[in-house]
Amino acid sequence: MEEAVRMLIGTYGPKDQDTIFELRIPEDPENATITPFWRGTRNPSYLAFSPDRRVLYAVEEGTSGKIHSILWGKEPRILTSEETSGADPCHILVDQKNRLVFVSNYTSGSLAAFPMRDDGALLQLTFLDQHTGHGVNPDRQEGPHVHCAFFDQQGDILSCDLGLDRIFAYQTREDRTILKDPARDITLPAGSGPRHLYVPHRFTDLIYAVSELSGEVFVIRSGKILQECSVRDNSRDGNTTAAVKADSRENHLYVSNRGDDTIAHFSIGPDGLLSLREIVPCGGKAPRDILVTDRYLVAANQDSSTITILLRSIDGALSDPVCTLSCPHPSCLLPC
């Protein structure tokens with residue numbers, strides 16, 4: 060019998076309620092279950108594991124943001140809690156080589172870094188880069204809004220700022236020094252609002268960037284935009300693009316779109332360029348995050364408080380949802 064697929068779910072919710080859950084998908088996905096894992100943390104909207112997977116990192120979104128180090132196991136407990144020196148932390152990047160954790164503070168527009176202890180728990184931050192400026196959209200780009208950070212193929216860091224239409228570049232050294240690398244910053248079209256990245260292993264100098272405000276995927280090579288692809292099948296106001304993920308072989312790219320509440324499926328060509336295959340309903344409202352396995356695409360639908368499971372065929376095509384489960388305001392899916 061095939062081993063069950065397991066993942067943790069980060070959500071928005073109060074401290075006195077369950078806010079981190081575990082999803083199990085058995086061989087028959089219609090029998091999938093969700094069980095509570097953790098309570099005691101408010102709005103753990105993004106999760107990540109330490110390199111040895113013994114510690115779970117969870118942000119606490121709020122005006123005074125925090126990141127918690129939680130011992131992962133049958134008897135979880137908080138090891139440390141650190142201020143992120145910013146508002147609404149929304150993303151975590153774990154640097155295994157240099158034993159650093161990077162946190163993106165969305166509302167205040169900064170990138171923070173925390174060193175790890177030997178046991179994986181986090182110490183007080185040692186780096187904070189506060190962005191300044193604004194974009195052309197007065198409602199969504201009144202200031203900087205850092206949404207994520209990812210490693211590129213060379214091990215340097217790329218960080219999306221939705222408010223400034225810019226992807227910022229950083230280098231890390233073995234002594235944990237972090238340097239800005241403005242010569243490698245990437246400027247995107249005004250008002251596009253870059254939100255998330257996918258960095259493929261198939262290519263040495265190519266990334267995919269999704270823009271929340273314009274609803275596009277940008278194919279970027281060596282800092283230059285090669286292709287712009289819409290993820291929408293209409294131009295209805297209120298659509299905002301969210302997550303971008305690929306299958307394990309990186310032949311297919313999937314992007315979630317809130318408003319239309321759809322998943323756009325692209326095939327990835329031998330040159331890295333994209334071809335739109337289909338746009339399918341996700342089965343919920345506001346798919347903030349998605350997770351792709353060999354058999355499934357799982358969507359975390361924040362506004363409908365549901366998790367939906369779609370089947371993936373051998374050619375990457377998506378089915379209608381085969382299972383819908385209740386989960387309060389899900390925002391992040393983490394394999395475990």
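With our numbering as the guide, the letters of the sequence shown map in order to residues 60 to 395. All C-beta atoms, glycine included, are put in the ideal place defined by N, C-alpha and C.
Neighbourhood of residue i by C-beta distance below 7 Å, restricted to the same chain and skipping five residues each side
i, result
"Asp-211", "Leu-217, Val-258, Ile-266"
"Met-60", "Here the model assigns Met-60 a pLDDT of 46, short of 50, so the residue's position is not dependable and the matter cannot be decided."
"Ser-167", "Gly-145, Ala-146"
"Thr-263", "Gln-212"
"Thr-365", "Gly-343, Thr-383, Leu-384, Ser-385, Cys-386"
"Glu-309", "Pro-259, His-260, Arg-261, Ile-327"
"Arg-176", "Leu-182"
"Arg-354", "Leu-370, Arg-371"
Beta-ladder partner(s) of residue i, from DSSP
i, result
"Asn-102", "Per DSSP, none; premise fails for Asn-102."
"Ala-359", "Asp-348, Ile-366"
"Phe-80", "Ile-68, Pro-95"
"Val-48", "Since the displayed the chain opens at 60 and closes at 395, residue 48 lies outside it and no answer follows."
"Thr-383", "Thr-367"
"Arg-225", "Asp-220, Thr-246"
"Leu-393", "Leu-67"
"Glu-86", "Note: Glu-86 sits in no beta bridge, so no partner."
"His-388", "DSSP output for His-388 lists no bridge partner at all."
"Thr-446", "With the chain represented from 60 up to 395, any question about residue 446 goes unanswered, as that position is not in the structure."
"Ile-327", "Leu-333"
Residue i vs residue j beta-carbon contact at 8 Å
i, j, result
"Ser-169", "Leu-187", "yes"
"Ser-378", "Leu-369", "yes"
"Leu-333", "Cys-288", "yes"
"Ala-180", "Val-114", "yes"
"Leu-152", "Pro-174", "no"
"His-311", "Gly-375", "yes"
"Ile-338", "Gly-282", "no"
"Ser-140", "Lys-156", "no"
"Leu-272", "Asn-196", "yes"
"Cys-219", "Arg-261", "no"
"Thr-100", "Glu-81", "no"
"Val-276", "Val-290", "yes"
"Gly-343", "Ala-323", "no"
"Ile-93", "Cys-386", "yes"
"Gly-69", "Tyr-105", "yes"
"Arg-235", "Thr-191", "no"
"His-204", "Leu-221", "yes"
"Thr-143", "Ala-171", "yes"
"Arg-371", "Leu-350", "no"
"Gly-274", "Asn-298", "yes"
"His-206", "His-150", "yes"
"Asp-319", "Asp-348", "no"
Supposed contact pair residue j and residue i - C-beta distance, whole angstroms, cut 8 Å
i, j, result
"Pro-389", "Gln-361", "6 Å"
"Arg-317", "Pro-346", "6 Å"
"Val-64", "Thr-352", "6 Å"
"Pro-103", "Ile-79", "6 Å"
6 Å CB neighbourhood of residue i in its chain, flanking five on each side removed
i, result
"Asp-75", "none"
"Arg-232", "none"
"Leu-247", "Asp-224, Pro-253"
"Val-269", "Arg-254, His-255, Val-276, Thr-300, Val-303, Val-314"
"Leu-238", "Gln-230"
"Ile-137", "His-127, Ile-129"
"Gln-189", "Ser-169"
"Asp-77", "Pro-95, Arg-98"
"Leu-285", "Val-278"
8 Å CB neighbourhood of residue i in its chain, flanking five on each side removed
i, result
"Asp-215", "Ala-228, Tyr-229, Gln-230, Thr-231, Asp-240, Arg-243"
"Phe-108", "Val-114, Leu-115, Tyr-116, Trp-131, Val-153, Leu-393, Cys-395"
"Phe-325", "Val-276, Cys-288, His-311, Leu-312, Tyr-313, Val-314, Leu-333, Ser-334, Leu-335, Arg-336"
"Pro-135", "Phe-96, Trp-97, Leu-115, Ile-129"
"Glu-89", "Val-381, Cys-382"
Any non-hydrogen atom of the ligand MG within 7 Å of residue i CB
i, result
"Leu-138", "Annotation note on the ligand MG: not contained in the displayed structure, which lists no ligands."
Worksheet item: Which residue spans inside the stretch 133-221 form an unbroken alpha helix (DSSP H) run of at least 4?
Response: none
Item to complete: Write down every uninterrupted run of the alpha helix (DSSP H) in the stretch 249-311 whose length is 4 residues or greater and which is fully enclosed by it, in chain order.
Response: none
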